[in-house]
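Visitor: Structure provided below as structure tokens; questions to follow.
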Amino acid sequence: MIILDNLGRFQRGRIWINDVPEIKYKEINKLTSAVEVKEIINMKPCRMALELLLSRRDISNYAFLGVKYTPNKEKNLNISVYVSEDEGEILDDNIAMKSDNVFIGIPNEYAETVLSTANKVIEGLPQFSSGNLEFYIGAHGEVGSSKLSFSKVTELIIKLLVIEPEGIKSLNQIEELISNESLVV
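Residue 244 in our numbering sits at position 139 of the sequence shown, with consecutive numbering throughout.
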């Protein structure tokens with residue numbers, strides 16, 4: 106785990122690359138789509154989780170997502186989001202506001218946002234790799250999460266996958282990429 110503490114005022118995060126936390130929840134549905142990749146690049150298999158708290162004064166936006174990317178030789182990227190119940194087990198180890206309860210899982214409302222954002226971001230990229238992209242880890246705040254925060258975390262994860270996070274030379278590179286993505290929500 107890498108602690109991201111240089112993201113700007115009222116923002117903090119944590120990222121895991123390949124050594125992601127084992128956070129399991131009961132899957133009640135799976136949302137899927139396929140995106141045709143414009144120009145295929147070689148990307149390595151990767152697991153990544155990103156947890157962000159984006160706060161402005163008394164308003165906070167918390168999201169925690171984890172993905173597994175597996176390349177293949179096809180022309181499409183198959184995207185899956187594993188949907189949970191709205192309120193699952195409590196996640197004690199989190200960076201959300203102390204007054205918020207964080208539940209493990211990705212409720213349908215946020216899963217739909219994750220899927221549509223992933224489609225939009227990948228379609229907008231000049232190149233990506235074919236394969237399977239599975240959003241299989243997640244957590245959300247009882248009151249401190251939003252579609253916007255899940256959309257932003259989805260976008261950041263996809264952009265981090267493109268630059269191959271294992272090859273990133275420093276923590277500053279990760280923090281700079283995340284900070285530059287206009288995190289104020």
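Don't be surprised by glycine CBs; every beta carbon is placed ideally from N, CA and C.
Where residue 127 and residue 148 are concerned, what is the direct C-alpha to C-alpha distance, given to the nearest angstrom?
Guide: Their Cα atoms are separated by approximately 23 Å.
Visitor: Would residue 172 and residue 233 qualify as a contact pair, given that the criterion is a beta-carbon distance under 7 Å?
Guide: Not closer than 7 Å, so no.
Visitor: If we ignore side chains and look at the alpha-carbon of each, how far apart do residue 203 and residue 121 end up?
Guide: Taking the straight line joining both Cα atoms gives about 22 Å.
Visitor: Is it true that the CB of residue 222 sits closer than 7 Å to the CB of residue 179?
Guide: No; because the gap between Cβ atoms is not below 7 Å, this pair is not in contact.
Visitor: What number of angstroms, rounded off, separates the C-alpha of residue 242 from the C-alpha of residue 185?
Guide: If you take the alpha carbons of residue 242 and residue 185, they lie about 11 Å apart.
Visitor: Determine, using beta carbons only, whether residue 216 and residue 167 come nearer to each other than 7 Å.
Guide: Result no, Cβ atoms of residue 216 and residue 167 do not sit closer than 7 Å.
Visitor: Check whether the Cβ atoms of residue 116 and residue 159 lie closer than 7 Å to each other.
Guide: A contact, by the Cβ cut-off of 7 Å.
Visitor: Rounding to the nearest angstrom, what Cα-Cα distance links residue 152 and residue 125 in this structure?
Guide: Cα to Cα, residue 152 sits roughly 7 Å from residue 125.
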